[in-house]
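In UniProt numbering, the protein residues as written are 1 to 500.
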Ligand code: HEM
Ligand SMILES: *[C@@H]1O[C@H](CO)[C@@H](O)[C@H](O)[C@H]1NC(C)=O
Ligand SMILES: *[C@@H]1O[C@H](CO)[C@@H](O)[C@H](O)[C@H]1NC(C)=O
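Right under this line is the structure:
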């Protein structure tokens, strides 16, 4: 089709000019020429007509979104992952508007950066746009994990996963999360830590108790180790050759599957479901529907732990960076947390879920971090059929990417978008403009847990410690989420409490 349009349409005048040079030739030759010429003209008209009909059909009925498809070259694809995603999208949005087409990873894509259009893709017409991931990632997480599915299987699993991360289900785990925080904090004192690495360890431990319950089976340690191998390969090139991180990760995945299957069968036999997501998935046979198979349960447990820890750790790393760079804000957050601490001490009790509901400033700091950092810059969907969309035509199989980051950084919804300003959340954002946890059927079931574990950590960290960023301050790295450069190395020291 591209070839069709790019044929150079030779202007007829050129041919006319050539033929007029024959005017001294005999009449018969001339009339043959005129006949040939008329035939040629007729053909030209027909071709032009066909071409314009073709074009008209595409420009009127089936108008593709504007934008340049180019030839997918590696540089462009790498750019989207390795360079500042703000400018990649902003440049194109400025040129083409809120809906434009492009090419990444060899796939034609439509980028969406208006809240209304994103809502259509994720919520109102979600059935027309299925989630899509590279096959290597699907293999690594497990093909039966809910991320990859649509329809009945997805909604059945989603209900189960959601039910185990509802506020009512996690409010009892505040003390356990606090125990994990209190285990980590002293190990940071007077040392320089890689914030991202430490936050990953913290978020991983929280994810493990939420997914597998509090029962400390002998398998837990092994699972942790295998997970680390899996993660190393997850973001590497999917090269299945001896010695590659990918091959090692796939091996770890197989062992993880076996370990988890043993754990599942053990808990089935002992009728001890042990709480957590695993307990809910094992217990799902109590409903009318069939029991989930071992590998369905394993894939989903592995998938949830995956979705839970990298994301939360990246956001926490940004929170520490922003609080470090905004001293007044850090002091204000600390005062809020000291107020809570006072109540906890006076009542001689532990930190509770209700305490975490009374941390408005800290909560706004987390919201503003989710907006500013937008660690999930966008998500991938794929059109399951030809779709009419906002006056455009999106062909079946094209990728559709709602750009959360562009929406979060649009000055119409968030004035001075580059400024870190938690007070903007004193009024709720306009509907569908703030989607750090996505929207619609595939939105994040772990949002409350993520916020809870951030609040509990910030409670103890701001009261007891201060941190100084080491080295050059302001770079960003992508691995794959955007995080402060080198994972934000900080020196942690006990907080000196000023005498009143
Ligand atoms: C601050 C941390 C987190 C962020 C920013 C985040 C963000 C997101 C987003 C944007 C989506 C939607 C993806 C899409 O529509 O394609 C998502 C899905 C998901 N998240 Fe999170 N998430 C976080 C933490 C967690 C936690 C703690 C859990 C653990 C329970 C979790 C589990 C999931 C699952 C299972 C899905 C897939 C849901 C589905 O496909 O139906 N996430 N997350
Ligand atoms: C996990 O093991 C089961 C058999 O126990 C198998 O059916 C399933 O395909 C395995 N899953 C993965 C992702 O390897
Ligand atoms: C850390 O340093 C401070 C001040 O130098 C000191 O009071 C504290 O005991 C040290 N903590 C540890 C765990 O070494």
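Virtual Cβ for every residue (Gly too), placed ideally from N, Cα, C.
Cβ-Cβ distance between residue i and residue j below 7 Å
i: residue 150; j: residue 130; result: yes
i: residue 487; j: residue 191; result: no
i: residue 165; j: residue 445; result: yes
i: residue 496; j: residue 468; result: no
i: residue 420; j: residue 363; result: no
i: residue 281; j: residue 297; result: yes
i: residue 392; j: residue 92; result: no
i: residue 211; j: residue 305; result: yes
i: residue 199; j: residue 126; result: no
i: residue 324; j: residue 204; result: no
i: residue 353; j: residue 123; result: no
i: residue 65; j: residue 100; result: yes
i: residue 213; j: residue 279; result: yes
i: residue 494; j: residue 471; result: no
i: residue 299; j: residue 142; result: yes
i: residue 180; j: residue 337; result: no
i: residue 157; j: residue 146; result: yes
i: residue 121; j: residue 381; result: yes
i: residue 176; j: residue 220; result: no
Range of the contiguous alpha helix (DSSP H) that encloses residue i
i: residue 392; result: That residue, residue 392, is in no alpha helix (DSSP H); its beta strand (DSSP E) goes 392-394.
i: residue 211; result: 195-212
i: residue 140; result: 135-141
i: residue 473; result: Segment: none, residue 473 is in no alpha helix (DSSP H) and carries neither H nor E.
i: residue 404; result: 404-408
i: residue 426; result: Where residue 426 is concerned, there is no enclosing alpha helix (DSSP H), given that its DSSP letter is neither H nor E.
i: residue 298; result: 294-325
i: residue 223; result: 219-234
i: residue 119; result: 115-119
i: residue 525; result: The first residue shown for the chain is 1 and the last is 500, placing residue 525 beyond what the model contains.
i: residue 372; result: 360-373
i: residue 161; result: 151-165
i: residue 484; result: Per DSSP, residue 484 belongs to no alpha helix (DSSP H); it is in the beta strand (DSSP E), 482-484.
i: residue 108; result: Where residue 108 is concerned, there is no enclosing alpha helix (DSSP H), although the beta strand (DSSP E) it sits in stretches over 107-112.
i: residue 188; result: 174-188
i: residue 254; result: 245-269
i: residue 356; result: 353-356
i: residue 441; result: First-last for residue 441: undefined, no H or E at that position.
i: residue 281; result: 276-283
With 16 other Cβ atoms within 10 Å as the buried cut-off, status of residue i
i: residue 448; result: buried
i: residue 241; result: exposed
i: residue 47; result: exposed
i: residue 483; result: buried
i: residue 206; result: buried
i: residue 402; result: buried
i: residue 153; result: exposed
i: residue 454; result: buried
i: residue 111; result: buried
i: residue 378; result: buried
i: residue 348; result: exposed
i: residue 342; result: exposed
i: residue 45; result: exposed
i: residue 333; result: buried
i: residue 321; result: buried
i: residue 384; result: exposed
i: residue 102; result: buried
i: residue 370; result: buried
Continuous beta strand (DSSP E) stretch holding residue i: start and end
i: residue 103; result: 99-104
i: residue 126; result: It is not in any beta strand (DSSP E) - residue 126 carries neither H nor E in the DSSP assignment.
i: residue 494; result: 489-494
i: residue 380; result: From DSSP, residue 380 is part of no beta strand (DSSP E); its letter is neither H nor E.
i: residue 388; result: 387-389
### Message
Strictly closer than 5 Å from CB to any heavy atom of ligand 3: give me those residues in the order they appear in the chain.
### Response
189, 190
### Query
Is there contact here, the segment 455-464 with the segment 409-429, by at least three beta-carbon pairs under 8 Å?
no
### Query
Taking contact to mean at least 3 C-beta pairs separated by less than 8 Å, is the segment 255-273 in contact with the segment 305-318?
no
#### Entry: Validate contact between the segment 395-412 and the segment 432-442 using beta carbons, cut 8 Å, 3 pairs
yes
### Query
On the three-pair Cβ rule with 8 Å, is the segment 109-119 touching the segment 137-146?
no
### Query
Per the contact definition of three or more C-beta pairs closer than 8 Å, is the segment 348-361 in contact with the segment 471-485?
no
### Message
Quick check: the segment 253-263 against the segment 218-234, are at least 3 beta-carbon pairs closer than 8 Å?
### Response
yes
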